[in-house]
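Engineer:
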Amino acid sequence: MIEVGVVGGTGYTGKELLRLITKHPKFELSFATSRGSEETKISQIHPNLSGFIDDEFISPSSDLDADLVFTAVPHTKGMEYIPKIREKGIKAIDLSADYRLSVEAFEEYYSTKHTDPGREAVYGLTEYNREEIEKADFVANPGCFPTGALLSVLPLLDSDFDLDYFLFDSKTGVSGAGAKPTQTTHYPNVNDEVSAYNLVSHRHNAEIKKILEQHNLPDFGFTPHIIPMVRGIETTAHLITKQKFKIDELFELYSSFYNNSSFVRIKKQEPKIKSVRGTNYVDLGGFGIEDSRTVILSTIDNLVKGAAGQAIQNANLMFDLDEELGLKEPGLSP
Numbered sequence: 002m003i004e005v006g007v008v009g010g011t012g013y014t015g016k017e018l019l020r021l022i023t024k025h026p027k028f029e030l031s032f033a034t035s036r037g038s039e040e041t042k043i044s045q046i047h048p049n050l051s052g053f054i055d056d057e058f059i060s061p062s063s064d065l066d067a068d069l070v071f072t073a074v075p076h077t078k079g080m081e082y083i084p085k086i087r088e089k090g091i092k093a094i095d096l097s098a099d100y101r102l103s104v105e106a107f108e109e110y111y112s113t114k115h116t117d118p119g120r121e122a123v124y125g126l127t128e129y130n131r132e133e134i135e136k137a138d139f140v141a142n143p144g145c146f147p148t149g150a151l152l153s154v155l156p157l158l159d160s161d162f163d164l165d166y167f168l169f170d171s172k173t174g175v176s177g178a179g180a181k182p183t184q185t186t187h188y189p190n191v192n193d194e195v196s197a198y199n200l201v202s203h204r205h206n207a208e209i210k211k212i213l214e215q216h217n218l219p220d221f222g223f224t225p226h227i228i229p230m231v232r233g234i235e236t237t238a239h240l241i242t243k244q245k246f247k248i249d250e251l252f253e254l255y256s257s258f259y260n261n262s263s264f265v266r267i268k269k270q271e272p273k274i275k276s277v278r279g280t281n282y283v284d285l286g287g288f289g290i291e292d293s294r295t296v297i298l299s300t301i302d303n304l305v306k307g308a309a310g311q312a313i314q315n316a317n318l319m320f321d322l323d324e325e326l327g328l329k330e331p332g333l334s335p
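Written out as structure tokens, the structure is:
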């Protein structure tokens, strides 16, 4: 068995990692840390894991040892733990934003000095970087919004189509804001409401921009919204092109590009969040065309494909396992 540890096991992403580890046939939990719940049973904090995990949380200052460690900590905190983990030769997947960007971009978007600037990580968007992830010892897991947005346009990155502009309009459930209650996620405020935020300056802009610029693609816009739902992200990608697509042509391009990507499902109809809830799938579809504007929809579970599930998928590749291992299951619908 491969021993895996989770640093930051009390948040939603850490909780989801623990859930997925319990049913993985090759991974065994070595430890899970908490800054405020050490020596408390994991199942006491996460009752859904009762009967599956009997361990207690340990302090993150403990001597951590495993074959692989997931750091599921807030942004700017990953760089506190990764140097010590990597110095021991332990493989790591960081789910914070700390290693996704260049040092300059990180410090600009997160207003924090990077304390581990010399360390490089492989960007962990699996369907984009599979071969590099297979060879990696350290992976920076993507953000939830960039996962949904980038997967909706990856087939176009090196295509012959003349692209003018991308616009990503994303709707997310409240779990994307984390486990700690805020005014934004307080039930009376979020229920019966759609709330746009960071209209043109969301931190995930930098992540999307990094990938698009590597392919000399045009400028883009991104605006996220919170909707009264727990899980899921629906991204509507508007593509402005110099020529008009044909639906069959576009469907064939996407089907061919993702032919070997078992967690990407291409549909001609509009995908639904309920179909991917609780899973590692991304559903792409819709393919609406009007003159020079093409609309493609993507749906993911923000806690699974947008976080913990993609991290497990990447871990499978890092240990030369089938990337589907421990992740193949249908969505929770209705």
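Per my numbering, residue 2 is the first one in the sequence shown, and the count goes up by one each step.
For glycine and all other residues, C-beta sits at the position ideal for the given N, C-alpha and C.
All figures in this text were calculated on a predicted structure; none of them were measured in a lab.
Please classify Y259 as buried or exposed, where buried requires at least 16 other C-beta atoms within 10 Å of its C-beta.
Structural biologist: Counted from its first residue, the sequence shown places residue 259 at position 258. The residue in question, Y259, is buried, as its Cβ has 16 or more Cβ neighbours within 10 Å.
Engineer: Within the stretch 63-125, note down every full beta strand (DSSP E) run reaching 3 residues or more, in order along the chain.
Structural biologist: Fully enclosed beta strand (DSSP E) runs of 3 or longer: 69-72 and 92-95.
Engineer: For the candidate residues I313, H25 and L304, whose alpha-carbon lies nearest to that of A180?
Structural biologist: Residue 180 sits at position 179 when you count from the first residue of the sequence shown. Answer by Cα proximity: L304.
Engineer: Which residue's Cα is closest to the Cα of T300: T237, T23, E88 and N206?
Structural biologist: Position 299 of the sequence shown, counting from 1, holds the residue named residue 300. The candidate whose alpha carbon is nearest that of T300 is T237.
Engineer: Three or more C-beta pairs under 8 Å: does that hold for the stretch 92-109 against the stretch 30-43?
Structural biologist: At 8 Å Cβ cutoff, the stretches do not touch.
Engineer: Could you tell me the boundaries of the alpha helix (DSSP H) in which L152 lies?
Structural biologist: To locate residue 152, count along the sequence shown from 1; it is residue 151. Looking at the DSSP string, the run of the alpha helix (DSSP H) that includes L152 is C145 to L152.
Engineer: Would you mind stating whether F264 and A150 have Cβ atoms separated by less than 8 Å?
Structural biologist: Here residue 264 refers to the residue found at position 263 of the sequence shown. Here residue 150 refers to the residue found at position 149 of the sequence shown. Going by C-beta atoms, F264 is not nearer than 8 Å to A150.
Engineer: Taking a contact to mean a Cβ-Cβ separation below 8 Å, would you say V123 touches H115 in this structure?
Structural biologist: Counting from one through the sequence shown, the residue named residue 123 turns up at place 122. Counting from one through the sequence shown, the residue named residue 115 turns up at place 114. Not a contact, by the Cβ cut-off of 8 Å.
Engineer: Does the stretch 154-170 touch the stretch 232-251, meaning 3 or more C-beta pairs lie closer than 8 Å?
Structural biologist: Counting Cβ pairs under 8 Å, three or more are found: they touch.
Engineer: Given a cut-off of 8 Å on the beta-carbon distance, is the pair G9 and I43 in contact?
Structural biologist: Position 8 of the sequence shown holds residue 9. Position 42 of the sequence shown holds residue 43. No; because the gap between Cβ atoms is not below 8 Å, this pair is not in contact.
Engineer: Can you tell which of G125, S51, V154 and E57 has the C-alpha that lies nearest to the C-alpha of S38?
Structural biologist: For the purposes of this step, residue 38 is identified with residue 37 of the sequence shown, where counting begins at 1. Checking every option, the nearest Cα to that of S38 belongs to E57.
Engineer: With a threshold of 16 other CB atoms inside 10 Å of the CB of P225, please say whether the residue is buried or exposed.
Structural biologist: Locating residue 225 in the sequence shown gives position 224, where the first residue counts as 1. That one is buried.
Engineer: On the premise that A312 lies in contact with N49, defined as a C-beta separation below 8 Å, what is that separation, rounded to the nearest angstrom?
Structural biologist: Numbered from its first residue, the sequence shown carries residue 49 at position 48. Numbered from its first residue, the sequence shown carries residue 312 at position 311. Actually they do not touch by this definition, with Cβ atoms about 19 Å apart.
Engineer: May I ask you to list the residues that DSSP assigns as paired with T300?
Structural biologist: For the purposes of this step, residue 300 is taken as the residue at position 299 of the sequence shown. Partner(s): E235 and D284.
Engineer: Pick from Y82, Q314, P272 and K306: whose alpha carbon is nearest that of E132?
Structural biologist: Here the question's residue 132 lines up with position 131 in the sequence shown. Selected option, being the one with the closest Cα: Q314.
Engineer: What does the alpha-carbon distance come out to for the pair T34 and K16?
Structural biologist: If you number the sequence shown from 1, residue 34 lands on position 33. If you number the sequence shown from 1, residue 16 lands on position 15. If you take the alpha carbons of T34 and K16, they lie about 11 Å apart.
Engineer: Exposed or buried, which one is P61 when buried takes at least 16 other CB atoms within 10 Å?
Structural biologist: Here residue 61 refers to the residue found at position 60 when the sequence shown is read from its first residue. Buried: at least 16 other Cβ atoms inside 10 Å.
Engineer: With distances taken between CB atoms, is the gap from F252 to F221 smaller than 8 Å?
Structural biologist: Here residue 252 refers to the residue found at position 251 of the sequence shown. Here residue 221 refers to the residue found at position 220 of the sequence shown. Cβ atoms of F252 and F221: not closer than 8 Å.
Engineer: For K273 and F71, what's the separation of their Cα atoms in angstroms?
Structural biologist: Counted from its first residue, the sequence shown places residue 273 at position 272. Counted from its first residue, the sequence shown places residue 71 at position 70. K273 and F71: Cα-Cα distance of roughly 29 Å.
Engineer: Using DSSP with H/G/I as helix, E/B as strand and the rest coil, what is I274?
Structural biologist: Here residue 274 is taken as the residue at index 273 of the sequence shown, counted from 1. Helix.
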